[in-house]
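Colleague:
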Amino acid sequence: MKDRPRTQDFDWVLLAIVAAITTLGVLEIYSSTHASAMAGMQWKQLMWLGLGVAGMFIISRIDYHTLMDQAPVLYMIGLGTLLIVLAIGQSHFGAKRWVSLGGGPNFQVSELMKLIIIIVLARFFSEVRTDRLTLPDLAKVAVLTIVPVGLILMQPDLGTAMVLVPVAVVGAFLAGIEWKHLAIGFVLIALMIPLAWNMRKHLKPYQQQRIETFLHPEENPRSAGYQVLQSEIAVGSGGFWGKGFGKGSQNQLGFVPVRYSDFILAALAEEQGFIGVCVVLLLYLALVLRLVDNAQKAKDRAGMYIVMGVTAILGFHVVRIKCCFVLQHRRIACKI
Amino acid sequence: MPSWRVNDQKIPQGRLALVSYVFVTIVVLLMVGFWKLQVVQSGHFADLAERNRVRSIPIIAPRGPMIDREGRVLVDSYPSFSILLMRDDPKSLEKSLSQIEEGLGIDHGDLRQALDAAKSEPKFMPVIIKPAATQADIAFVESHRADIPVLELMMVQRRRYPHDSMLASAIGYVGEVSVQDMDQSDGHYRPGDLVGKAGLEREYNDQLEGTDGMRRVVVNSVGKVMRTLDNVEAIPGRPVQLTIDYDLQAIAETDMQGKEGAVVAMDARTGEVLAMVSRPTFDPNDFSVRVPKEEWQALNSNKQTPLLNRAIQAQLAPGSVFKIVMATAMLESKAVPENFTAYCPGSAVFYGRTFHCWRPQGHGTVGLHAAIVDSCDVFFYNVGKQLGIDKISFYASGLGFGRRTGIDLPGEEPGLVPSEEWVERVYHHKWYAGETISVSVGQGAVTVTPIQLARMAAAVASGGTLVQPHLLKSFPNPKVDHFVLSENTVEQVTQGLYGVVNEGGGTGYHLRLANIDLCGKSGTAQLMSYDAANRLGNKKMDGWFVGFAPRRNPEIVIAAIVQDTMEHGGEAAGPVVRDIVKAYYDKKTARSQQQATTDSPAGPNSTEPLVATVGVQH
Chain A
282 MKDRPRTQDF DWVLLAIVAA ITTLGVLEIY SSTHASAMAG MQWKQLMWLG LGVAGMFIIS
342 RIDYHTLMDQ APVLYMIGLG TLLIVLAIGQ SHFGAKRWVS LGGGPNFQVS ELMKLIIIIV
402 LARFFSEVRT DRLTLPDLAK VAVLTIVPVG LILMQPDLGT AMVLVPVAVV GAFLAGIEWK
462 HLAIGFVLIA LMIPLAWNMR KHLKPYQQQR IETFLHPEEN PRSAGYQVLQ SEIAVGSGGF
522 WGKGFGKGSQ NQLGFVPVRY SDFILAALAE EQGFIGVCVV LLLYLALVLR LVDNAQKAKD
582 RAGMYIVMGV TAILGFHVVR IKCCFVLQHR RIACKI
Chain B
212 MPSWRVNDQK IPQGRLALVS YVFVTIVVLL MVGFWKLQVV QSGHFADLAE RNRVRSIPII
272 APRGPMIDRE GRVLVDSYPS FSILLMRDDP KSLEKSLSQI EEGLGIDHGD LRQALDAAKS
332 EPKFMPVIIK PAATQADIAF VESHRADIPV LELMMVQRRR YPHDSMLASA IGYVGEVSVQ
392 DMDQSDGHYR PGDLVGKAGL EREYNDQLEG TDGMRRVVVN SVGKVMRTLD NVEAIPGRPV
452 QLTIDYDLQA IAETDMQGKE GAVVAMDART GEVLAMVSRP TFDPNDFSVR VPKEEWQALN
512 SNKQTPLLNR AIQAQLAPGS VFKIVMATAM LESKAVPENF TAYCPGSAVF YGRTFHCWRP
572 QGHGTVGLHA AIVDSCDVFF YNVGKQLGID KISFYASGLG FGRRTGIDLP GEEPGLVPSE
632 EWVERVYHHK WYAGETISVS VGQGAVTVTP IQLARMAAAV ASGGTLVQPH LLKSFPNPKV
692 DHFVLSENTV EQVTQGLYGV VNEGGGTGYH LRLANIDLCG KSGTAQLMSY DAANRLGNKK
752 MDGWFVGFAP RRNPEIVIAA IVQDTMEHGG EAAGPVVRDI VKAYYDKKTA RSQQQATTDS
812 PAGPNSTEPL VATVGVQH
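For the record, the sequence lines run as chains A and B. Going by the working numbering, the letters in the first sequence line up with residues 282 to 617, in that order. Going by the working numbering, the letters in the second sequence line up with residues 212 to 829, in that order.
#1: How would you call A:L455, buried or exposed, if buried means at least 16 neighbouring beta carbons within 10 angstroms?
#2: Would you mind sorting B:R369 into buried or exposed? The rule is 16 or more other CB atoms within 10 Å of its CB.
#3: Please name the residue or residues paired with B:R564 in a DSSP beta bridge.
#4: Looking at the structure shown, is B:E778 part of a helix, part of a strand, or coil, going by DSSP?
#5: Quick one, are the C-beta atoms of B:P273 and B:P447 less than 8 Å apart?
#6: Could you list the residues in the region 419 to 442 of chain A with a C-beta less than 8 Å from some C-beta on chain B, going in chain order?
#7: Going by C-alpha distance, which of B:Y384, B:A486, B:I270 and B:V560 is nearest B:V768?
#8: Using CA atoms only, rank isn't needed, just tell me which of A:A548, A:Y586, A:G596 and A:L510 is closest to A:G279.
#9: Do you know offhand how far B:N218's Cα is from A:E552's?
#10: Which one or two residues does DSSP pair with B:K602 in a beta bridge?
#11: If you check the beta carbons only, do A:L419 and B:V235 fall under 8 Å apart?
#12: At what residues does the alpha helix (DSSP H) containing A:P429 begin and finish?
#13: As a quick exercise: from A:S312, A:F405, A:F406 and A:H598, pick the residue whose alpha carbon is nearest that of A:V569.
#14: Residue range of the beta strand (DSSP E) that A:V561 falls in?
#15: Could you tell me if A:P429 is buried or exposed, where buried requires 16 or more neighbouring beta carbons within 10 angstroms of its beta carbon?
#16: Name the two residues that bound the continuous beta strand (DSSP E) containing B:L485.
#17: In chain B, what lies closer than 8 Å to A:V451 by C-beta?
#18: Below 9 Å on C-beta distance, what does A:E552 contact in chain B?
#19: Can you give the Cα-Cα distance for A:I514 and A:W522, rounded to whole angstroms?
#20: Would a check of beta-carbon distances place B:V338 closer than 8 Å to chain A?
#21: For a cutoff of 8 Å on Cβ pairs, would you count B:I222 as touching chain A?
#22: Taking its Cβ as the centre, do 16 or more other Cβ atoms sit within 10 Å of B:N442, making it buried, or is it exposed?
#23: Work out the CA separation of A:V561 and B:V251 for me, nearest whole Å.
#24: Any contact of the region 316 to 326 of chain B with the region 403 to 422 of chain B, i.e. 3+ C-beta pairs under 8 Å?
#25: Using beta carbons (cut-off 8 Å, strictly below), is A:M585 in contact with chain B?
#26: Would you say B:V250 reaches chain A, if we count a Cβ-Cβ gap shorter than 8 Å as a contact?
#27: To the nearest angstrom, how far is it from the Cα of A:I399 to the Cα of A:L563?
#28: Take A:I397 and list the residues in its own chain whose beta-carbon comes closer than 7 Å to its own, dropping the five residues that flank it on each side.
#29: Tell me whether B:R369 sits in a helix, a strand or coil according to DSSP, three-state version.
#30: According to DSSP, is B:L519 helix, strand or coil?
#31: Is it buried or exposed for B:R636, if we count other Cβ within 10 angstroms and need 16 for buried?
#32: Looking at the unbroken alpha helix (DSSP H) that takes in B:P661, where does it start and where does it end?
#33: Taking Cβ-Cβ distances shorter than 8 Å, what residues in chain A pair up with B:R356?
#34: Should the region 659 to 674 of chain B be called in touch with the region 532 to 548 of chain B, which here means at least 3 C-beta pairs below 8 Å?
#35: Between the region 448 to 462 of chain A and the region 406 to 423 of chain A, are three or more C-beta pairs nearer than 8 Å?
#36: With distances taken between CB atoms, is the gap from A:A593 to A:M585 smaller than 8 Å?
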């Protein structure tokens with residue numbers, strides 16, 4: 282059974298939304314870096330975008346059922362690579378998460394695990410033949426997720442490890458998790474937070490510092506909390522209309538750290554203001570809604586799980602990056 | 212076909228819709244958050260962003276110079292560079308340390324210590340690692356801007372004392388502001404600011420210190436200056452003109468070279484201090500950078516106390532100079548007849564104890580005049596016995612002893628005038644009458660400072676006018692005390708003091724100057740009793756000479772003390788007084804001659820054509 286899409290089957294609306302988001306990203310990268318030592322960063326970004334688009338068309342020719350057939354193999358490959366990374370991986374910023382691909386760019390293998398977990402969980406949920414997810418099934422999902430999460434945590438890379446969780450949560454929800462199980466899950470997570478807080482002493486110093494930084498950025502404005510604080514200043518000072526393209530002082534003078542990647546939103550918020558932020562947020566909302574719409578129209582549950590797995594990861598990234606500023610802001614507001 | 216491929220299940224539309232609602236809610240919450248951040252609080256953050264972008268760099272105001280009464284520079288400032296170490300990038304800091312140590316010649320331990328000391332300070336506060344950078348140091352920093360970005364130069368104004376230790380005791384020195392001063396200044400001082408710590412530098416700190424300026428620059432996040440916004444120039448400190456006469460000061464300094472003691476020369480009419488020396492002394496240039504710890508300890512633990520300004524802080528027995536007070540008390544109180552005479556066999560017994568005269572063979576029968584001229588101790592023992600301690604104390608206090616003169620220098624000492632009341636208050640016993648005999652010749656409990664002694668002599672010779680000594684040329688309203696003395700007293704005492712220098716047999720006869728009515732009184736204070744000194748073979752003494760000229764209403768008065776000497780006061784300290792008085796009159800004569808020439812009808816232009824014109828006229 283062949284189920285390959287034809288060109289007219291592509292969701293062109295979805296592609297248009299993605300194109301709009303990436304265009305804004307490239308422009309903002311240009312604005313952030315053109316006057317610095319990192320000038321030309323936007324070409325790098327465009328190159329990767331080109332590669333991404335090419336990869337997208339190639340993968341679209343593959344029937345996702347074929348990929349799902351190989352789910353157990355892919356899962357083993359993923360776990361194996363994670364173990365190899367732990368054994369021989371290069372240490373970057375105090376964490377082993379990169380594998381050097383002989384002269385090429387370093388490859389962060391936990392990124393690969395994101396795609397694998399989507400396929401593996403989609404396959405698992407498809408095998409549940411009822412509309413109700415039983416407790417044993419839920420336990421299996423938990424084990425399938427926790428193993429890679431644990432391995433990534435050991436690198437240690439809290440950020441990527443956490444990204445895998447929403448794939449399982451959204452999947453389980455669609456697979457018919459019982460409401461009471463969902464409620465118990467949330468309660469458990471809520472109970473885990475103070476426990477995790479007490480465990481923080483066992484974290485790596487840089488992670489402890491990251492937590493401290495997030496909670497008390499103003500205590501040492503030039504070192505630990507610097508990035509968060511400076512980004513917040515960038516966002517806040519942008520105001521309603523923004524300072525204009527290429528005119529954000531925080532951005533242009535280099536106060537916004539890694540403004541070409543993690544903090545690109547801060548750069549955008551400063552230069553394009555609240556309006557710019559709203560445009561981006563609404564674009565992402567449109568993207569997610571469009572993806573959900575695709576899931577609703579999926580031919581089978583397997584397709585739906587794949588689409589929603591991607592949606593979960595994307596949505597989580599959007600929320601995480603953007604929440605930074607908002608949460609930060611809340612905390613300050615409380616103090617005042 | 213595996214079971215999972217069987218497409219017989221409906222898509223859970225409801226739950227999918229719920230997922231999208233959750234995301235919509237999150238996006239709305241995010242928008243509310245950004246609204247608060249970017250719209251409600253945007254002013255606050257705009258402020259922070261502005262401050263971020265603009266860094267204020269202080270421009271240190273130079274301290275005002277000090278000049279002498281004729282405008283000659285005694286103290287000034289010069290621009291210099293301090294090397295700062297930026298600490299906000301620990302990584303590149305660690306990397307560069309060994310290179311910095313080598314390039315700037317800083318000891319590894321010192322550099323570590325400086326960094327450790329600043330550990331508790333915010334990271335953006337740089338540390339000064341080299342306060343006075345040499346040309347080579349500056350070149351090193353400039354040439355390594357790219358590879359050692361953690362070094363920065365700061366221009367500072369450093370104090371310079373071009374004449375080294377000249378007048379040092381009066382000038383004092385500057386140093387980094389203390390924590391207490393900083394707390395009291397209400398934010399006026401920042402750590403590392405230089406303030407006057409002693410002497411005139413401290414007394415007139417407010418006038419000398421300027422207002423620091425500020426340069427506002429736009430910087431990027433690594434602190435690199437992108438452009439300058441504005442410059443608020445520093446307002447330099449105001450100059451302080453002193454009453455000191457450089458020429459007289461130089462002579463006093465030279466005469467005191469290698470000696471221990473003090474000199475103070477003052478205009479007897481106004482209280483203007485013309486010269487002030489204290490020996491041993493220090494070089495304030497040593498303090499203008501940062502005193503090495505060992506050097507500071509050496510200065511402080513030195514038994515000879517080089518940091519003490521003996522002209523105002525040494526409280527010493529006045530010895531025979533006190534006989535001026537005794538003679539004044541005798542004549543003014545009339546408790547002893549004017550024509551009182553005493554027979555001096557070289558010693559006398561009072562209250563069962565033998566008191567020696569400085570001349571073992573004795574002076575024979577002497578009256579007041581001869582007793583002053585030849586400084587007969589036995590005569591004044593008898594006067595003292597008849598006056599009693601309270602009368603002596605009254606006149607000594609009236610002539611300014613036992614209280615500060617009010618000179619514009621910090622740390623002046625009051626000296627001590629003993630009295631019955633004082634002994635009872637401090638020692639809780641009655642005054643021993645025998646003490647009065649010692650006090651009569653300036654020994655015992657009475658102590659004075661050189662500045663008090665100079666003022667006393669000026670007061671007696673001017674009929675009882677005590678002026679407030681001062682070093683600031685524009686000193687506002689110097690205080691004048693009147694302790695009115697009768698004409699007869701002034702005449703008789705000054706005649707005696709004139710005789711000391713100008714009569715054969717006077718203890719200062721070797722000091723006489725042609726055409727100058729130099730008067731004075733020598734004093735030699737034993738550091739221990741005659742018997743103890745003889746027993747120990749220690750003949751060390753404090754030699755005083757107080758002189759003034761002319762005899763009545765003097766212009767200049769000088770007190771000099773040479774301590775720890777084998778010579779009598781007239782020999783040890785007298786020449787210092789004579790040299791200064793002579794220089795004073797030489798200058799005065801030269802000035803009046805110059806005035807006479809310029810005042811001539813030929814016109815006030817220059818001397819050269821003037822002579823020619825005069826020649827033509829005659």
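Glycine included, each C-beta is placed from N, C-alpha and C at the ideal position.
Modeller: The short version:
#1: Burial call: buried.
#2: Label assigned to B:R369: buried.
#3: As DSSP reads the structure, B:R564 sits in a beta bridge with B:F561.
#4: Three-state DSSP puts B:E778 in coil, outside helix and strand.
#5: Yes.
#6: So nothing in the stretch comes that close.
#7: Among B:Y384, B:A486, B:I270 and B:V560, the Cα nearest to that of B:V768 is on B:A486.
#8: The requested residue 279 of chain A is not part of the displayed model; chain A covers only 282 to 617.
#9: Going by the C-alpha atoms only, they are around 49 Å apart.
#10: For B:K602, which the question treats as bridged, DSSP gives no partner whatsoever.
#11: No, these two residues do not count as a Cβ contact at 8 Å.
#12: Where A:P429 is concerned, the enclosing alpha helix (DSSP H) stretches over L416 to L434.
#13: If you compare the alpha carbons of A:S312, A:F405, A:F406 and A:H598 with that of A:V569, the shortest gap goes to A:H598.
#14: In the DSSP assignment, A:V561 falls outside any beta strand (DSSP E) and within the unbroken alpha helix (DSSP H) covering I545 to Q577.
#15: Within 10 angstroms of the beta-carbon of A:P429 lie 16 or more other beta-carbons, which makes it buried.
#16: From DSSP, the beta strand (DSSP E) with B:L485 extends over V484 to R490.
#17: Scanning chain B for C-beta atoms nearer than 8 Å to the C-beta of A:V451 yields V230, reported in chain order.
#18: In chain order: nothing, as chain B lies at least about 12 Å away.
#19: Those two C-alpha atoms are separated by around 15 Å.
#20: Contact with chain A is absent for B:V338, since none of that chain's Cβ atoms lies less than 8 Å from the residue's Cβ.
#21: B:I222 counts as touching chain A.
#22: Exposed, by the Cβ-count rule.
#23: Between the alpha carbons of B:V251 and A:V561 lies a distance of about 20 Å.
#24: Between the region 316 to 326 of chain B and the region 403 to 422 of chain B, the count of C-beta pairs closer than 8 Å stays below three; the two stretches do not touch.
#25: Under the 8 Å criterion on CB atoms, A:M585 is classed as interfacial with respect to chain B.
#26: Yes, its Cβ sits closer than 8 Å to a Cβ of chain A.
#27: About 25 Å.
#28: So the list reads L355, Y356 and G359, once near-sequence residues are dropped.
#29: The answer is strand: DSSP assigns B:R369 an E or B state.
#30: Shown here, B:L519 sits in coil according to DSSP, grouped into three states, outside any helix or strand.
#31: B:R636 sits exposed, since fewer than 16 C-beta atoms from the chains shown fall within 10 Å of its C-beta.
#32: Run containing B:P661: P661 to A672, per the alpha helix (DSSP H) assignment.
#33: Going along chain A, no residue has its Cβ under 8 Å from B:R356, so there is no contact; the nearest lies around 15 Å.
#34: With the cut-off at 8 Å, the region 659 to 674 of chain B and the region 532 to 548 of chain B touch.
#35: Three or more Cβ pairs drawn from the region 448 to 462 of chain A and the region 406 to 423 of chain A lie within less than 8 Å of each other, which places the two stretches in contact.
#36: The answer is no: Cβ separation not under 8 Å.
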